[in-house]
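To start, the structure under review is shown below, and the notes come after it.
2 protein chains.
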Amino acid sequence: MEANGPKEEDNRRQVIPGPTNPMVTPLLSDLYQFSMAYAYWKAGKNNERAVFDLYFRKNPFGGEYTIFAGLEECIRFIANFKFKEEEIAFIQASLPKTCEDGFYDYLRGIDCSDVEVYAVSEGSVVFPKVPLMRVEGPIAVVQLLETSFLNLINYASLVTTNAARHRSVAGKSKILLEFGLRRAQVVEGPDGGIGASKYSYLGGFDATSNVEAGRLFGIPVRGTHSHAFVSSFMSPDEIMEKSLQTRDGSSTCEDFVSLVQTWLSKIKRSHVLRGIFGETNQSELAAFTSYALAFPNNFLALVDTYDIGSEIMLLRFVMRSGIPNFCAVALALNDLGYKAIGIRLDSGDLAYLSCESRKFFRTIEKEFRVPDFGKMGITASNDLNEETLDALNKQGHEVDSFGIGTYLVTCYAQAALGCVFKLVEINNQPRIKLSEDVSKVSIPCKKRCYRLYGKEGYPLVDIMTGENEPPPKVAERILCRHPFNESKRAYVVPQRVEELLKCFWPGSPDKPREELPPLKMIRSRCSNQLEQMRPDHVRRLNPTPYKVSVSAKLYDFIHFLWLNEAPVGELQ
Amino acid sequence: MEANGPKEEDNRRQVIPGPTNPMVTPLLSDLYQFSMAYAYWKAGKNNERAVFDLYFRKNPFGGEYTIFAGLEECIRFIANFKFKEEEIAFIQASLPKTCEDGFYDYLRGIDCSDVEVYAVSEGSVVFPKVPLMRVEGPIAVVQLLETSFLNLINYASLVTTNAARHRSVAGKSKILLEFGLRRAQVVEGPDGGIGASKYSYLGGFDATSNVEAGRLFGIPVRGTHSHAFVSSFMSPDEIMEKSLQTRDGSSTCEDFVSLVQTWLSKIKRSHVLRGIFGETNQSELAAFTSYALAFPNNFLALVDTYDIGSEIMLLRFVMRSGIPNFCAVALALNDLGYKAIGIRLDSGDLAYLSCESRKFFRTIEKEFRVPDFGKMGITASNDLNEETLDALNKQGHEVDSFGIGTYLVTCYAQAALGCVFKLVEINNQPRIKLSEDVSKVSIPCKKRCYRLYGKEGYPLVDIMTGENEPPPKVAERILCRHPFNESKRAYVVPQRVEELLKCFWPGSPDKPREELPPLKMIRSRCSNQLEQMRPDHVRRLNPTPYKVSVSAKLYDFIHFLWLNEAPVGELQ
Chain H
1 MEANGPKEED NRRQVIPGPT NPMVTPLLSD LYQFSMAYAY WKAGKNNERA
51 VFDLYFRKNP FGGEYTIFAG LEECIRFIAN FKFKEEEIAF IQASLPKTCE
101 DGFYDYLRGI DCSDVEVYAV SEGSVVFPKV PLMRVEGPIA VVQLLETSFL
151 NLINYASLVT TNAARHRSVA GKSKILLEFG LRRAQVVEGP DGGIGASKYS
201 YLGGFDATSN VEAGRLFGIP VRGTHSHAFV SSFMSPDEIM EKSLQTRDGS
251 STCEDFVSLV QTWLSKIKRS HVLRGIFGET NQSELAAFTS YALAFPNNFL
301 ALVDTYDIGS EIMLLRFVMR SGIPNFCAVA LALNDLGYKA IGIRLDSGDL
351 AYLSCESRKF FRTIEKEFRV PDFGKMGITA SNDLNEETLD ALNKQGHEVD
401 SFGIGTYLVT CYAQAALGCV FKLVEINNQP RIKLSEDVSK VSIPCKKRCY
451 RLYGKEGYPL VDIMTGENEP PPKVAERILC RHPFNESKRA YVVPQRVEEL
501 LKCFWPGSPD KPREELPPLK MIRSRCSNQL EQMRPDHVRR LNPTPYKVSV
551 SAKLYDFIHF LWLNEAPVGE LQ
Chain C
1001 MEANGPKEED NRRQVIPGPT NPMVTPLLSD LYQFSMAYAY WKAGKNNERA
1051 VFDLYFRKNP FGGEYTIFAG LEECIRFIAN FKFKEEEIAF IQASLPKTCE
1101 DGFYDYLRGI DCSDVEVYAV SEGSVVFPKV PLMRVEGPIA VVQLLETSFL
1151 NLINYASLVT TNAARHRSVA GKSKILLEFG LRRAQVVEGP DGGIGASKYS
1201 YLGGFDATSN VEAGRLFGIP VRGTHSHAFV SSFMSPDEIM EKSLQTRDGS
1251 STCEDFVSLV QTWLSKIKRS HVLRGIFGET NQSELAAFTS YALAFPNNFL
1301 ALVDTYDIGS EIMLLRFVMR SGIPNFCAVA LALNDLGYKA IGIRLDSGDL
1351 AYLSCESRKF FRTIEKEFRV PDFGKMGITA SNDLNEETLD ALNKQGHEVD
1401 SFGIGTYLVT CYAQAALGCV FKLVEINNQP RIKLSEDVSK VSIPCKKRCY
1451 RLYGKEGYPL VDIMTGENEP PPKVAERILC RHPFNESKRA YVVPQRVEEL
1501 LKCFWPGSPD KPREELPPLK MIRSRCSNQL EQMRPDHVRR LNPTPYKVSV
1551 SAKLYDFIHF LWLNEAPVGE LQ
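As structure tokens, this is what we get:
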């Protein structure tokens, strides 16, 4: 990390805006943080310097990786952390009356200028036990940040990971649309929804249906029409304004409705398609025609409103009404120089229906010599999730883009990531939290964390060391030990060493603060890091756990502390 | 509904504030609602009068009831529905450039004065298929409300139902605390958390740990301290300020730390307790003593920080350190006239530990003649959910209050309620949405809904009728039909008839608008309604489905429409 004077200066002066949601205030916290702050203050301990690690214990979704997200919002939160008078009044009303007034003066004075945050870069691939954030500062202040940090990191990382997993199973060539707003866990507000859109994009989605998320974060916004739109029409007779200019503006088709009807008859009479369908639904035809008149350059139609009867009838009926109606409108548009975008399927057997639709489009391409009509876009959107995408791949399908909602944003397969915030050092004294369950034992000490890369360029192992240990060196052998299992250890000769925890707050001339990159850059980091992983760590089925280790010195120290803290059992 | 002039007047003039979260704006919507609004406008259909029903299809959590919540936020949303210039600019940037400017002028002009909302009262017990809200108005405007309404109702109703189920299994006498903020689905903001707290309270919880929710909604706020607080202390030697006044202020104990040590020795030496423990943990003792000095009237201690070793050792160790340390401090407080609140257990076998703790407290009560010490409060809080509460009940336990977080607020057992918003009528023409899946067929027509009560006072059945059918009458026989199953029908002679859908917006002199009651009243409605249900509908195991029906006339009409819309299959 070389110093570069002027940049640091800018960086130090940079004004960091508050959290995206104005409701994220210092009061967005558990009462016990304030109770503890008072007890610390009362005991004169409030300024004791504490180090907390924020980490999780288990990768979600049965996988072996997690994407870290939510950091920018944390930094925006602490950069603007300051109590308002009305907030202090409410805290005072919530704590016992016996609490001394001096405490509220103390609260009035605090901010986060004396707090240091070291964190992994947002969008990074991360693993259990390794701190995502190391937060150091006066114990009372740092405790006041705990709930907000957990709240801002937990869901963000969970939904980003979920999105990345969906991207991984869908493959790079598919378009993934996030459609989750109406199902997101939001209540009185959009945050589940807004956040879900932001972090789905970060994890590899291409666009969202959520307009507000588009506005706030610059995410592409997409959408077409609903079934209600189709059923709100009765028949093409009700379309009053029937004219449509050609795309180049050179002339006007005075009766687009008739042009559509003409095409529908041609399709029906066609030798190749003959007999496939009889009468198409007139309400649907009217809706498609109207939609095309409104969006001649963006015609994308939901083709399964009239999906009734048995599954077999359904297949036949989409093919008998939705698809021919769509094709008639698309061909009429084509006559005027417009290119339809495609169809959306929202029910039924998506693999089969997409293949049948593709065949129909290809037949139209050949039959009426419309170049590229066979490549018409097919979007699918019925309660999709990682498993159904995988099943579609196995069955074979012709879907180009997927609209994914409920399962993505509610993280149905795993409702919480379970990050924790543990005290690892106070007044330079390391602290360990023991537990009957070894996976819940915390790793003590203020630490540094490194990712060691091998010859092939893959990350091999993450290693945690004490703060003052010399860092691992390229081409130099280092012993990596499992933190709790004596027999698990390995020598590693790293080809590259990356320090994971970087200074994000507040920064100083000799420890410049990391920039908060734009969302698109965080998104690229996420996809680059995933590509860099050895494939067996990130595959869906039976992924190999990535190794997380401690240095020999830290290992010895952990076990020394452990023995010191744990009482000796008595067998009776 | 009798008219009462002056009240209506007030009610009409009442200013309804905006949504709790300022991010709930008309832009918090799916793009396709705007695409459709444009297509409606372009087709001259935007002012066609449409009726939509908002309902769900299946009760959550394997139960047979749901609590309706989120209505107030919906009404606050539409009462203030108006586009800002910058919002219109963003919509314009998101829709195709070909969209005409007139549409944006149209958007500038719209509000919800021409929209009518009829809804079930918030906090009511509700059932699948029966509309929770009936929204009528210009089709383009009503469509623009869809996403927001679904977003505001879905999670609110889900978490309220979840809370009500937890209350039901915990029993009336227990205190239920919502501890979910750090796990809520929130991202960039607290809404999951804020809403989770509000709706958990509505569903029957007593308090929340979330300070901001307490401030916004007047919910009682609770909390104690964490494990980190305990591990931040080293030993009682570090406590500087040792004096504590007696509760009545008559005198001061100059060395409270010594008083605690004296009690700890007495407990150790006690004949009855002798040999139960050796040395207690000094860091823990220091933390408890400090906490008591800070909160002499509110001493509640987390007693399982030092829970190490095997499960058997753990039981023994809580009993050997946490409990005796707590008792020493509680007894010292008792000397000065203070009454400790109790302990919190956050790990291990809660049934067994709570019973053992209770025994210890009772022994102390007898041994040292401290009245009521045996009734010391016991709070439990380790990943609790409906199932674990049920298991605790079966094992037998001594817990007085439960702190419930992750499973409550993330609705782990069911991540979404799946409300839908379906067009049922346009321009007085009923519309039906058919589906291969009968449970997905919508019930057409603008409807009225009633709950019919039997002799015992229990609700018997909900019935939907056409808008202009005469309402069911008390003591008059009426045929209730299953909407789709011909053979399921029953005559009912109601003893009481309750109309479910009431006017919540905008109201008029002859249809006065319902008041939006305070949260506490909604909470009472919820618990009253649940008590009124026949017990077998609301029990946990194999509950009986509650019946939902349509009138004979509506049944016939549905099936007439169905036959009309559905194509006749062809067997080939």
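Chains as they are written, first to last, in the working numbering: chain H, 1 to 572; chain C, 1001 to 1572. Quick reminder that beta carbons are idealized off the backbone N, C-alpha and C, glycines included.
To which residues of the same chain is residue i closer than 7 Å at the C-beta, ignoring the five residues directly before and after it?
| i | result |
| --- | --- |
| E1122(C) | F1068, A1069, L1071, E1072, I1522 |
| H225(H) | Y291, L302 |
| K1366(C) | none |
| P19(H) | E73, R76, F77 |
| L1031(C) | S1094 |
| V120(H) | F68, V126, L132, L500, L501 |
| E1008(C) | For E1008(C), the predicted structure reports a pLDDT of 44, less than 50, and the residue's modelled location is therefore unreliable. The matter cannot be settled from this model. |
| Q245(H) | T252 |
Interface residues of chain C around residue i at Cβ under 8 Å?
| i | result |
| --- | --- |
| D30(H) | F1179, L1181, R1182, S1209, N1210, V1211, G1223 |
| F373(H) | What F373(H) touches in chain C: nothing, since even the nearest Cβ is about 21 Å away. |
For residue i, which option in the options has the closest C-alpha, if you only look at C-alpha atoms?
| i | options | result |
| --- | --- | --- |
| C253(H) | I75(H), Y338(H), A380(H) | Y338(H) |
| N1382(C) | F1373(C), S1354(C), K1394(C) | S1354(C) |
| N325(H) | S283(H), V493(H), T66(H) | S283(H) |
| N1151(C) | R1369(C), R1362(C), G1322(C), S1029(C) | S1029(C) |
| V211(H) | C74(H), G203(H), V221(H) | V221(H) |
| E1565(C) | G396(H), N47(H), E386(H), S231(H) | S231(H) |
| A1079(C) | W1505(C), W1562(C), S1124(C) | W1505(C) |
| K84(H) | E100(H), T25(H), G102(H), D101(H) | T25(H) |
Here's a check: name, in chain order, each residue in its chain whose Cβ is nearer than 8 Å to the Cβ of residue i, leaving out the five neighbours to either side.
| i | result |
| --- | --- |
| P6(H) | In this predicted model, P6(H) has a pLDDT of only 43, less than 50, meaning its place in the structure is not dependable; the value taken from the coordinates is given anyway. Hits under 8 Å: none found. |
| G1189(C) | Any reading at G1189(C) is ruled out, since the residue's pLDDT is 33, under 50, leaving its predicted position unreliable. |
| V169(H) | E386, L389, D390, N393, R540 |
Can you name the residues of chain H whose CB is closer than 8 Å to the CB of residue i?
| i | result |
| --- | --- |
| T1098(C) | F295, P296, N297 |
| M1240(C) | A43, G44 |
| L1027(C) | V211, E212, R215 |
Mind listing the chain H neighbours of residue i? Cutoff is C-beta to C-beta under 7 Å, in chain order.
| i | result |
| --- | --- |
| Y1118(C) | Result: empty, since nearest Cβ-Cβ is about 18 Å, beyond 7 Å. |
| Y1291(C) | A39 |
| F1068(C) | Residues of chain H passing the Cβ test: none, with the nearest at roughly 14 Å. |
| A1050(C) | S232 |
| T1246(C) | By Cβ distance, chain H contributes nothing, its closest Cβ being about 13 Å from T1246(C), past 7 Å. |
| I1426(C) | S232 |
Could you list which residues in chain C have their beta carbon closer than 9 Å to that of residue i, in chain order?
| i | result |
| --- | --- |
| F56(H) | Here the premise fails: no neighbours, minimum Cβ distance about 12 Å. |
| S401(H) | None at all; the shortest Cβ gap to chain C is about 14 Å. |
| H166(H) | Near H166(H) there are no residues of chain C at all, since even the closest Cβ is about 16 Å away, more than 9 Å. |
Under 6 Å Cβ to Cβ from residue i, same chain only, skipping five residues before and after it: list those, please.
| i | result |
| --- | --- |
| K422(H) | D53, K433, S442 |
| A380(H) | L345, L350, V399, F402 |
Could you name the residues of chain C that residue i contacts, counting a contact when the two beta carbons are closer than 7 Å?
| i | result |
| --- | --- |
| T262(H) | Those do not exist, as T262(H) stays about 21 Å from chain C at its closest Cβ, beyond 7 Å. |
| T161(H) | Within chain C, no residue comes near T161(H); the closest Cβ sits about 13 Å away, beyond 7 Å. |
| L423(H) | A1228, S1231, S1232 |
| R431(H) | S1231 |
Residues of chain H with CB under 9 Å from residue i, in chain order?
| i | result |
| --- | --- |
| R1108(C) | Going along chain H, no residue has its Cβ under 9 Å from R1108(C), so there is no contact; the nearest lies around 17 Å. |
Could you tell me which uninterrupted beta strand (DSSP E) segments, each at least 3 residues in length, are contained entirely in the region 1329-1377 of chain C, listed from first to last along the chain? The beta strand (DSSP E) runs lying completely inside the region 1329-1377 of chain C and spanning 3 residues or more are 1342-1345, given in chain order.
Taking one C-beta from the region 464-474 of chain H and one from the region 528-538 of chain H each time, how about it: are there three or more such pairs within less than 8 Å? Here the region 464-474 of chain H does not lie against the region 528-538 of chain H, with fewer than 3 beta-carbon pairs under 8 Å apart.
Which parts of the region 1232-1276 of chain C are runs of the beta strand (DSSP E), unbroken and 3 residues or longer, counting only runs that do not cross its ends? Qualifying beta strand (DSSP E) stretches: none in this window.
Looking at C-beta atoms only, is the number of pairs between the region 1545-1552 of chain C and the region 1457-1466 of chain C that lie closer than 8 Å three or more? These segments touch.
Check whether the region 40-60 of chain H touches the region 135-145 of chain H, counting contact only when three or more Cβ pairs, one atom from each stretch, lie closer than 8 Å. With the cut-off at 8 Å, the region 40-60 of chain H and the region 135-145 of chain H touch.
In chain order, what are the residue ranges of uninterrupted beta strand (DSSP E) at least 3 long that sit wholly in the region 1402-1461 of chain C? You should have 1420-1426, 1447-1453.
Contiguous beta strand (DSSP E) assignments of at least 3 residues, all confined to the region 478-560 of chain H: Whole beta strand (DSSP E) segments, 3+ residues: 478-481, 489-492, 496-499, 502-505, 547-551.
Which full runs of the beta strand (DSSP E) of 3+ residues lie inside the region 1033-1099 of chain C, going along the chain? Fully enclosed beta strand (DSSP E) runs of 3 or longer: 1049-1055.
Those runs of the alpha helix (DSSP H) which lie wholly inside the region 1170-1231 of chain C and span at least 4 residues: As for any alpha helix (DSSP H) of minimum length 4 sitting wholly inside the region 1170-1231 of chain C, the runs are 1191-1202, 1211-1217, 1227-1231, ordered along the chain.
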